[in-house]
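Visitor:
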Ligand SMILES: *Cc1c(COP(=O)(O)O)cnc(C)c1O
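Residue numbers (the numbering used here): 111 to 322.
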């Protein structure tokens, strides 16, 4: 996986270390995370707060380099727990969640890095701010969160060419001066890297198919 990421970065004229692999360990047992840690992987992604809480805090003392990204749609009533356990919340997508995260950060005395998720395909079942509302929301979050807001994230519609979605997201991040782009999964991370991804979220291509 690391070799494929490095090759895709070089093909795009980028240094391999400009792309961080987020190993998506959702539904995988803690043993799978431990095996990946032993192999040198330090950055992990989970989409449910409760599952992340069950797996990750216990691993931190022995693995100080571990970084946890929350990548799934986030309910406001889970914001406090998310702020407590995450290094990066990738799914900030609405004003009420921004309120909840700001409040939780004040109470916890800790602010994770934040990415704004955009629903680039306008899919009703997906989280993410709509494209047409993105500029105003990004502006508001930059004012509110300052340097904690560092990037944008998207999950393009399945079965559609992801490239236009990645290109749109990259242009939007550039317009707002945001350095991070979380885009690309097992099936399309090389395309995402060609379009400037700085984080790729890869699950099945690392861990195999998820247990059901
Ligand atoms: C599950 C998930 C991934 C990883 O998907 P794979 O196809 O298994 O690589 C990436 N991003 C999000 C938001 C996910 O929920």
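We treat Cβ as the ideally placed atom computed from N, Cα and C, and that holds for glycine.
Compare the Cα-Cα distances from residue 223 to each of 212, 233, 245 and report the closest residue.
Guide: 212
Visitor: Please go through the same chain and pick out, in chain order, the residues whose beta-carbon is closer than 7 Å to the beta-carbon of residue 188, but skip the five residues on each side of it.
Guide: 159
Visitor: In this structure, how does DSSP classify residue 230 when only helix, strand and coil are distinguished?
Guide: Note: residue 230 maps to coil in three-state DSSP.
Visitor: Is residue 157 near ligand 1 - that is, is its Cβ less than 7 Å away from at least one heavy atom of it?
Guide: yes
Visitor: Bridge partners for residue 290 per DSSP, in chain order?
Guide: 261
Visitor: Is residue 315 near ligand 1, with its Cβ less than 7 Å from a heavy atom?
Guide: yes
Visitor: Identify which residue in 192, 172, 150, 133 has its Cα closest to the Cα of residue 162.
Guide: 192
Visitor: Rounded C-beta distance between residue 282 and residue 244? I'm assuming under 8 Å.
Guide: 6 Å
Visitor: Using the DSSP secondary-structure output, state which residues sit across from residue 195 in a beta bridge.
Guide: Note: residue 195 sits in no beta bridge, so no partner.
Visitor: Does DSSP classify residue 309 as helix, strand or coil?
Guide: strand
Visitor: Rank 164, 229, 175 by C-alpha distance to the C-alpha of residue 293 and give the top, closest one.
Guide: 229
Visitor: Are the beta-carbon atoms of residue 286 and residue 235 separated by less than 8 Å?
Guide: no
Visitor: Looking at residue 196: is its Cβ nearer than 8 Å to the Cβ of residue 202?
Guide: no
Visitor: Where are the alpha helix (DSSP H) runs, 4 residues long or more, that stay fully inside the stretch 131 to 199, in chain order?
Guide: 140 to 148, 159 to 165, 189 to 195
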